[in-house]
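Below you'll find the structure, written out as structure tokens, and then a few comments.
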Amino acid sequence: MDSPQADVKTTRLADYTPPDFLVDHVELDVDLRDGQTRVTSTMQFRLNPENTREGGSDLILDGECLALESLAINGEPVAENRYRYEKDKLTIESVPETFSLTSVVRIEPEKNTALDGLYRSNGMYCTQCEAEGFRRITFFPDRPDVLARFTTTVRADKKRYPLLLSNGNPVEQGEEGDRHWVTWEDPFPKPCYLFALVAGDLACLEDSYTTGSGRQVSLRLYAEHRDLDKLDHAMLSLKNAMRWDEDTYGREYDLDIYMIVAVSHFNMGAMENKGLNIFNTSCVLAHPSTTTDAGFQRVESVVAHEYFHNWSGNRVTCRDWFQLSLKEGFTVFRDQQFSADMNSAAVQRVENVDFLVNHQFPEDQGPMAHPVRPAEYQKIDNFYTLTIYEKGAEIVRMQYHLLGPEDFRRATDLYFDRFDGQAVTCDDFVACMEEISGRDLTQFKRWYSQAGTPVLTVTDRLENDRYLLTFRQHTPPTPGQAEKQPLMIPVRLALLDETGEPLPLDVQGNREKVIILDREEQTFSVDAAGPVTPSLLRGFSAPVVLDYAFDHDQLSRLLAHDSDGYCRWSAAQRLYFSALDRLVKGEGAAAAEAQALVPVLEQVIGRADEDPAQAALLLSLPGEVALGDRHAPWILASSMLPTMP
Ligand code: SER
Ligand code: ZN
Numbered sequence: 111m112d113s114p115q116a117d118v119k120t121t122r123l124a125d126y127t128p129p130d131f132l133v134d135h136v137e138l139d140v141d142l143r144d145g146q147t148r149v150t151s152t153m154q155f156r157l158n159p160e161n162t163r164e165g166g167s168d169l170i171l172d173g174e175c176l177a178l179e180s181l182a183i184n185g186e187p188v189a190e191n192r193y194r195y196e197k198d199k200l201t202i203e204s205v206p207e208t209f210s211l212t213s214v215v216r217i218e219p220e221k222n223t224a225l226d227g228l229y230r231s232n233g234m235y236c237t238q239c240e241a242e243g244f245r246r247i248t249f250f251p252d253r254p255d256v257l258a259r260f261t262t263t264v265r266a267d268k269k270r271y272p273l274l275l276s277n278g279n280p281v282e283q284g285e286e287g288d289r290h291w292v293t294w295e296d297p298f299p300k301p302c303y304l305f306a307l308v309a310g311d312l313a314c315l316e317d318s319y320t321t322g323s324g325r326q327v328s329l330r331l332y333a334e335h336r337d338l339d340k341l342d343h344a345m346l347s348l349k350n351a352m353r354w355d356e357d358t359y360g361r362e363y364d365l366d367i368y369m370i371v372a373v374s375h376f377n378m379g380a381m382e383n384k385g386l387n388i389f390n391t392s393c394v395l396a397h398p399s400t401t402t403d404a405g406f407q408r409v410e411s412v413v414a415h416e417y418f419h420n421w422s423g424n425r426v427t428c429r430d431w432f433q434l435s436l437k438e439g440f441t442v443f444r445d446q447q448f449s450a451d452m453n454s455a456a457v458q459r460v461e462n463v464d465f466l467v468n469h470q471f472p473e474d475q476g477p478m479a480h481p482v483r484p485a486e487y488q489k490i491d492n493f494y495t496l497t498i499y500e501k502g503a504e505i506v507r508m509q510y511h512l513l514g515p516e517d518f519r520r521a522t523d524l525y526f527d528r529f530d531g532q533a534v535t536c537d538d539f540v541a542c543m544e545e546i547s548g549r550d551l552t553q554f555k556r557w558y559s560q561a562g563t564p565v566l567t568v569t570d571r572l573e574n575d576r577y578l579l580t581f582r583q584h585t586p587p588t589p590g591q592a593e594k595q596p597l598m599i600p601v602r603l604a605l606l607d608e609t610g611e612p613l614p615l616d617v618q619g620n621r622e623k624v625i626i627l628d629r630e631e632q633t634f635s636v637d638a639a640g641p642v643t644p645s646l647l648r649g650f651s652a653p654v655v656l657d658y659a660f661d662h663d664q665l666s667r668l669l670a671h672d673s674d675g676y677c678r679w680s681a682a683q684r685l686y687f688s689a690l691d692r693l694v695k696g697e698g699a700a701a702a703e704a705q706a707l708v709p710v711l712e713q714v715i716g717r718a719d720e721d722p723a724q725a726a727l728l729l730s731l732p733g734e735v736a737l738g739d740r741h742a743p744w745i746l747a748s749s750m751l752p753t754m755p
């Protein structure tokens, strides 16, 4: 029986097979005319040597809403009985092992309200091809593991569309009456989801950047004429990001031009198309008279995020869409590191954690819970989630903690060098971490396949001058995953004595340590004569709910003395929650509650010179939303309440 679900097709990771044919080069000619845009593409195909499938060599291409005008193989028209175009697939029977295919199609960008593929917005043409929009522009194997070099010619009316952009470097241009054209060449093989095209009348802010190796790159930011004065911050952010990626990851920019176009109608925040990023105006425009501090920081981080994709996503891309977090999780981690270096690192980390806990944790504990690498999907568009992005970033961060900064950098060097120009998997990424560290990360990889937020319950006791910390991990069931296995959890910790000084944790005298938990229950112990305050999960070293019954004195000690910004903030929150709770319940008098906090807050103010932004954050009371949500399971309200002295 037919049901609305009948057409829903499930794509499974386990069913992945390499593409039958590869495309070495695509030559696109996009002739933009209102109501009758024509796209001519000539693609050089060759049989994939990795293809292990049996059977004949039919070519199957994706194509949606395309009006096919003509098809030719090696310049010869393809007979009508040799191909069929149905259900968004073009099948051409028994093609040779290598050949060129030329197709001519008509499309209607003016009627494209899906904002997917080529569309017109505010009198300009632009594109969005991630994840599967390119198939609405021309016939193509629309999957990220087919990487081709693109040469693109854009033609349009000179007056209405003075600016014609595509990926790569401009190599030729010309005029024909009241129309003109520009040809762009992108020398780097890329999947078609990174294709972009823009035609319009836009203002440009231009600057330049010299790479570490001395190459000159022209930087061009485009927006509507009235917004030209709102691009300075994006330009500064871009230059900072370019320098930072050279210094931190050894990654240089690779084309002669880097362009960002601001568009008001855009489904996503921004898109990392090779050499031609397209941004929602909200993520690129900023002006001191209308933009808040948070707005400036958002522009800085999104500009950097898209720039960083040039390596983590474009030069090394995803084999299939199940690996989306390979580029997104890693790139979010990179933009978080960048923002931490540009601003107060402690405040940045707290903001990232606060966002994760209040938005991704509920996703991971509700009906939408899914693994960072899902096993199946119906529409990939539904998987651009906080789990893929934010939890994905935490998974990369844990690997950073497991390896330490030097080895992590060696591992990412290996990853970029080994897989440059290839489409790979999350396993390939982890394999580089394993190879450099010599550590077996098989268990760690459960983070990619197991959904849900682990709860880490911690208890402690003093026994014969030893301090014992016991960790228990438990991940509650999520839809489709009733049984959970123990994860590898890196817990960065320090232990403070009664004066707030960190205790030595090993024979070398280290005052901070990363403990690796890999079983349901584990105990860690250290010599200690008196009461200890554990500074747990420093820097929020793993995306877990921490359940430990801090008392009031411990929280005060952490807030006043700890060197870790996240742990200080978490302690402050717990103290404020507790004081506000008692006030609400009528258990305390306002003056007494405030009095109890005075000595601690004085210490925060006393240390404000270390990082004024952090001090301001520590002195801020929780907002209404945090107060309301604190009884939600993802925050584990009970453990937020310290026991009072
Ligand atoms: N790939 C885009 C980005 O993450 C779309 O979200 O920047
Ligand atoms: Zn991204």
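Numbering-wise (my numbering), the sequence shown opens with residue 111 and increments by one. Note that CB positions come from ideal geometry on N, CA and C, so glycine has one too. Just so it is clear, the structure is predicted and the values come from calculations on it, not from any experiment.
* Apply the 10 Å Cβ neighbour rule to methionine 378 and answer buried if 16 or more other Cβ atoms are within range, or exposed otherwise. => Result: exposed.
* What residue does the beta strand (DSSP E) around lysine 199 start on, and which one ends it? -> For lysine 199, the enclosing beta strand (DSSP E) covers residues 199-202.
* With 16 as the cutoff for other CB atoms within 10 Å, does leucine 685 come out buried or exposed? -> Here leucine 685 is buried, its C-beta having at least 16 other C-beta atoms within 10 Å.
* To do: Classify phenylalanine 465 as buried or exposed, calling it buried when 16 or more other Cβ atoms lie within 10 Å of its own Cβ.
  => Residue environment: phenylalanine 465 is assigned as exposed (fewer than 16 neighbouring CB atoms within 10 Å of its CB, all protein chains considered).
* To do: Might you give, ordered along the chain, the residues of its own chain that have their beta carbon closer than 6 Å to the beta carbon of threonine 201, omitting 5 neighbours on each side?
  => Cβ within range, chain order: Asp168, Ile170 and Arg194.
* DSSP three-state assignment for methionine 598, whether helix, strand or coil -> Shown here, methionine 598 sits in coil according to DSSP, grouped into three states, outside any helix or strand.
* Terminal residues of the continuous beta strand (DSSP E) containing cysteine 314? -> Where cysteine 314 is concerned, the enclosing beta strand (DSSP E) stretches over 313-320.
* **Separation of isoleucine 490 from threonine 120, as counted between CA atoms** => When only Cα atoms are considered, threonine 120 and isoleucine 490 end up about 10 Å apart.
* Asked: Under a three-way DSSP split, which group does glutamate 500 fall into?
  -> Under the three-state reduction of DSSP, glutamate 500 is assigned to helix.
* Asked: How about glycine 310 and methionine 234: are their beta carbons less than 8 Å apart?
  -> Against a cut-off of 8 Å, the Cβ pair of methionine 234 and glycine 310 comes out as a contact.
* May I ask you to report which of helix, strand or coil DSSP gives tryptophan 557? => Here tryptophan 557 sits in helix by DSSP.
* Pull up the distance between the alpha-carbon of asparagine 468 and that of leucine 693, whole angstroms please. => Here the alpha carbon of asparagine 468 sits roughly 24 Å from the alpha carbon of leucine 693.
* What are the start and end residues of the beta strand (DSSP E) that includes threonine 263? -> First-last of the beta strand (DSSP E) with threonine 263: 258-267.
* **Secondary structure, beta strand (DSSP E): runs of 3+ residues fully inside the stretch 125-175** => The stretch 125-175 contains these whole beta strand (DSSP E) runs: 131-141, 147-157 and 169-172.
* Asked: So arginine 194 is in the alpha helix (DSSP H); what residue range does that whole segment cover?
  -> Per DSSP, arginine 194 belongs to no alpha helix (DSSP H); it is in the beta strand (DSSP E), 193-196.
* To do: Starting from the Cα of arginine 582, find the closest Cα among Gln591, Gln595 and Glu190 and give me that residue.
  => Nearest of Gln591, Gln595 and Glu190 to arginine 582, Cα basis: Gln595.
* Check whether the stretch 540-550 touches the stretch 468-482, taking contact to mean three or more Cβ pairs, one atom from each stretch, closer than 8 Å. => No contact exists between the stretch 540-550 and the stretch 468-482.
* Could you give the DSSP three-state label for leucine 737: helix, strand or coil? => Correct three-state label for leucine 737: helix.
* **Beta bridge counterpart(s) of tryptophan 294 as assigned by DSSP** => Looking at the DSSP output, tryptophan 294 bridges to Thr262 and Pro280.
* Asked: Does the ligand ZN have a heavy atom nearer than 7 Å to the CB of threonine 441?
  -> In terms of side-chain proximity, the C-beta atom of threonine 441 is found nearer than 7 Å to a non-hydrogen atom of the ligand ZN.
* Any idea if lysine 695 is buried or exposed, counting beta-carbon neighbours within 10 angstroms, 16 or more meaning buried? -> Lysine 695 is exposed by the Cβ-count criterion.
* For the 8 Å Cβ check, are there 3 or more pairs between the stretch 242-259 and the stretch 122-137? -> Judged by Cβ distances under 8 Å, the stretch 242-259 makes contact with the stretch 122-137, as three or more pairs qualify.
* Asked: Candidates Ile183, Ala124 and Arg245: which alpha carbon is nearest methionine 153's?
  -> In this structure, Ile183 is the residue among Ile183, Ala124 and Arg245 with its C-alpha nearest to the C-alpha of methionine 153.
* **Residue-level contact to chain C via CB, leucine 578, 8 Å cutoff** => Absent here is chain C; the protein component of the structure consists of one chain.
* Asked: Hey, aspartate 657 and threonine 563: beta-carbon distance below 8 Å or not?
  -> For aspartate 657 and threonine 563, no; Cβs fall outside 8 Å.
* Does DSSP put arginine 270 in a helix, a strand or coil? -> Arginine 270 falls in the coil class under three-state DSSP.
* Asked: Going straight from the alpha carbon of alanine 409 to that of histidine 343, what length do you get?
  -> Note that residue 409 is valine in the sequence shown here, rather than alanine. One C-alpha to the other measures close to 8 Å.
* Going by the CB atoms, is the gap between cysteine 236 and valine 136 shorter than 8 Å? -> Their beta carbons are not under 8 Å apart, which means valine 136 does not touch cysteine 236 by this criterion.
* Return the first residue and the last residue of the alpha helix (DSSP H) that aspartate 541 is part of. => It is alanine, not aspartate, that sits at residue 541 in the sequence shown. Its alpha helix (DSSP H) spans residues 536-547.
* Counting pairs of beta carbons, one from the stretch 425-438 and one from the stretch 447-463, are three or more of them closer than 8 Å? -> As far as the Cβ criterion goes, the stretch 425-438 does not touch the stretch 447-463, which means the pair count is below three.
* Asked: Do the stretch 284-295 and the stretch 322-330 touch if we need at least three Cβ pairs shorter than 8 Å?
  -> No contact exists between the stretch 284-295 and the stretch 322-330.
* State yes or no: is the C-beta of histidine 419 nearer than 7 Å to some heavy atom of the ligand ZN? => At least one heavy atom of the ligand ZN is nearer than 7 Å to the Cβ of histidine 419, so yes.
* Asked: So is asparagine 261 buried or exposed if we call it buried at 16+ other beta carbons inside 10 Å?
  -> Reading off the sequence, residue 261 comes out as threonine, not asparagine. By the neighbour-count rule (16 or more Cβ atoms within 10 Å), threonine 261 is buried.
* Within the same chain, show all residues whose beta-carbon is closer than 8 Å to that of proline 732, passing over the 5 residues directly before and after it, in chain order. => If you ignore the 5 residues before and after proline 732, its C-beta comes within less than 8 Å of the C-beta of Gln683, Tyr686, Phe687, Leu690 and Arg740, all in its own chain and listed in chain order.
* **Spatial neighbours of threonine 427 in its chain, beta-carbon cut-off 6 Å, leaving aside the 5 residues before and after** => Pro254, Pro301 and Ala533, listed in sequence order.
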